[in-house]
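Novice: Going down the list, the protein sequences come from chains A and B.
The first sequence begins at 766 in the working numbering and counts up by one.
The second sequence begins at 766 in the working numbering and counts up by one.
For every residue, glycine included, the Cβ atom is placed at its ideal position computed from N, Cα and C.
Right, I'll just put the structure down here and ask away after.
2 protein chains.
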Amino acid sequence: MKRVAYPAAIQALVGELKRLPGIGPRSAERIALWMLQSRDARPLEVSRVIREVHESVRACPRCGFFTTEALCEICSDPARDAAQICVVEQATEILPLERTGVFRGRYHALGGRISPLDHVGPEDLRIEALVERIKAESPSEIILALGSDVEGEATANYLATLLRELPVAVTRLAQGLPAGGGLEHADELTLSRALAGRTAMKS
Amino acid sequence: MKRVAYPAAIQALVGELKRLPGIGPRSAERIALWMLQSRDARPLEVSRVIREVHESVRACPRCGFFTTEALCEICSDPARDAAQICVVEQATEILPLERTGVFRGRYHALGGRISPLDHVGPEDLRIEALVERIKAESPSEIILALGSDVEGEATANYLATLLRELPVAVTRLAQGLPAGGGLEHADELTLSRALAGRTAMKS
Chain A
766 MKRVAYPAAI QALVGELKRL PGIGPRSAER IALWMLQSRD ARPLEVSRVI
816 REVHESVRAC PRCGFFTTEA LCEICSDPAR DAAQICVVEQ ATEILPLERT
866 GVFRGRYHAL GGRISPLDHV GPEDLRIEAL VERIKAESPS EIILALGSDV
916 EGEATANYLA TLLRELPVAV TRLAQGLPAG GGLEHADELT LSRALAGRTA
966 MKS
Chain B
766 MKRVAYPAAI QALVGELKRL PGIGPRSAER IALWMLQSRD ARPLEVSRVI
816 REVHESVRAC PRCGFFTTEA LCEICSDPAR DAAQICVVEQ ATEILPLERT
866 GVFRGRYHAL GGRISPLDHV GPEDLRIEAL VERIKAESPS EIILALGSDV
916 EGEATANYLA TLLRELPVAV TRLAQGLPAG GGLEHADELT LSRALAGRTA
966 MKS
């Protein structure tokens, strides 16, 4: 007996949904069947907004954040401090930093980090654009908010060396114990960096 | 300072993804950002297949299974036994039954089950269509493959009473211990039904 299967269109849908991050085969089938059974226009709305995002959202040409305008919300806000540029690997890291509420400057997303194993070199990142921005906008400080893993460190070191000749201070995020983390949960590298970066409470 | 947010199109996408079954707010944001960052046409492909399924897939007018043709794969297969019709609540339950490989007949999806609390009565289900099918196709057996919960039982009882006058046998799925389940995991109702439905091993 021939094995019964869903029509090809449904199988294609399950196949595409399965590739989304965090969606396994069972979730994909569940979502596809939900779409089949929903009587309203909700699945069409999902389809429409995916297309709309794809067509209307682009990277801000200055900082790399997401925008549908000529410049993003942050770059076009005159209240933001142009003296500080916070350098991140990905544009998706800008909102988490914004949510802290403590940074009033602007951003620059590199679009990745230097990683020879992944064939990503400095020329593949928006480093040239960062240098141009520094020359054009004359910020007083570049804050490197890069990951504390090997590739993040390598990228930070590369940038620090590169920017040495420019009249701008280069800082990086502090490394140490994460908030709420006891010493027993910290690995040796975190502990050694927390020790090396210790700050005075009373002098 | 004004709170920075993603452009409205991205927020709309996160909002839609969040409504999908099994997708929470964090997963929705993760998928949306993945779509933003993917450089290929994959998100557009997701959008396209959702639309295609919505436009091309419909319920088989005879049994309710999914199809893009006039009749579904099962109803149009002359090798399937027309003498048995297996009644299920939802079309999505047909493939799981098919995967058992033990049923060679055809199906009839009711589109739900009788549930006064949800304002679903017999007239909201494809019960009239089932009666018409029985008159037209003259099957010898109707197998009620409905849930063993209160609504499934109520629906099964309603159908058994309704079909009493028609020249067709009405059976239901066996109730008892699930495969691989020890007695210590079975609830009292399952045990009492397993006892009541005990079968002879030697007579």
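1) Can you pull the chain B neighbours of A/HIS873, defined as C-beta to C-beta under 8 Å?
2) Could you run through the region 795–828 of chain B and flag, in chain order, every residue whose CB is less than 8 Å away from some CB of chain A?
3) So with Cβ pairs under 8 Å, would you call B/SER841 a contact of chain A?
4) Under 7 Å Cβ-Cβ, which residues of chain B neighbour A/PRO786?
5) Among A/PRO790, A/CYS837, A/ILE775, A/GLU820, which residue has its Cα nearest to the Cα of B/ALA713?
6) Along the chain, where does the alpha helix (DSSP H) containing B/THR955 start, and where does it finish?
7) So, using beta-carbon positions, are A/VAL933 and A/PRO904 closer together than 8 Å?
8) Would you report the Cα separation of A/ILE839 and B/THR920, rounded to the nearest angstrom?
9) Measure the alpha-carbon distance for B/GLN940 versus A/GLY946 and round it to whole angstroms.
10) Spell out whether any CB of chain B is found under 8 Å from the CB atom of A/ILE775.
11) Ordered along the chain, which non-local residues of its own chain (more than five positions away) have a Cβ less than 6 Å from that of A/SER913?
12) List the whole-angstrom C-beta distance separating B/ILE899 from B/PRO887, where the pair is believed to meet the contact cut-off of C-beta under 8 Å.
13) Please classify A/ARG845 as buried or exposed, where buried requires at least 16 neighbouring CB atoms within 10 angstroms.
14) Who are the Cβ neighbours of B/LEU862 in its own chain at under 8 Å, not counting the five residues just before and after it?
15) Is there at least one Cβ from chain B nearer than 8 Å to A/TYR923's Cβ?
16) Quick one: is B/THR833 near chain A, going by C-beta distance under 8 Å?
17) Return helix, strand or coil for B/GLN849, following the three-state DSSP convention.
18) Following the continuous beta strand (DSSP E) through B/ARG871, name the residue where it begins and the one where it ends.
19) Helix or strand or just coil, what does DSSP make of B/VAL933?
20) For B/PRO772, which residues in chain A fall below 9 Å Cβ to Cβ?
21) Kindly indicate which residue of B/ALA874, B/SER841, B/GLY866, B/ALA848 has the alpha-carbon position closest to the one of B/ALA856.
22) Taking all protein chains shown into account, do 16 or more other C-beta atoms lie within 10 angstroms of the C-beta of B/PRO772, making it buried, or fewer, making it exposed?
23) Give a yes or no on whether 8 Å exceeds the smallest Cβ distance from A/THR865 to chain B.
24) Nearest to B/ILE907 by CA position, among B/PHE830, B/PRO943, B/GLN849, B/ASN922, is which residue?
Specialist: Answer, in terms of the structure:
1) Per Cβ cutoff of 8 Å: no residues; A/HIS873 is ~15 Å from chain B at best.
2) ARG795, ILE796, ALA797, LEU798, TRP799, MET800, LEU801, GLN802, ARG807, PRO808, LEU809, GLU810, VAL811, SER812, ARG813, VAL814, ILE815, ARG816, GLU817, VAL818, HIS819, SER821, VAL822
3) no
4) ARG795, ILE796, TRP799
5) The requested residue 713 of chain B is not part of the displayed model; chain B covers only 766 to 968.
6) 953–961
7) Yes. Within cutoff.
8) 59 Å
9) 52 Å
10) With 8 Å as the cut-off, A/ILE775 counts as an interface residue toward chain B.
11) GLN940
12) Not quite, the Cβ-Cβ distance comes to about 15 Å (not below 8 Å), so this is no contact.
13) buried
14) Closer than 8 Å at the Cβ level, and outside the excluded window around B/LEU862, lie CYS851, VAL853, PHE868, TYR872, ALA910.
15) no
16) Taking 8 Å as the CB threshold, B/THR833 lines the interface with chain A.
17) Three-state result, B/GLN849: strand.
18) Looking at the DSSP string, the run of the beta strand (DSSP E) that includes B/ARG871 is 871–874.
19) Here B/VAL933 sits in coil by DSSP.
20) VAL818, SER821, VAL822, PHE831, THR832, THR833, GLU834, CYS837, GLU838
21) B/ALA874
22) buried
23) no
24) B/GLN849
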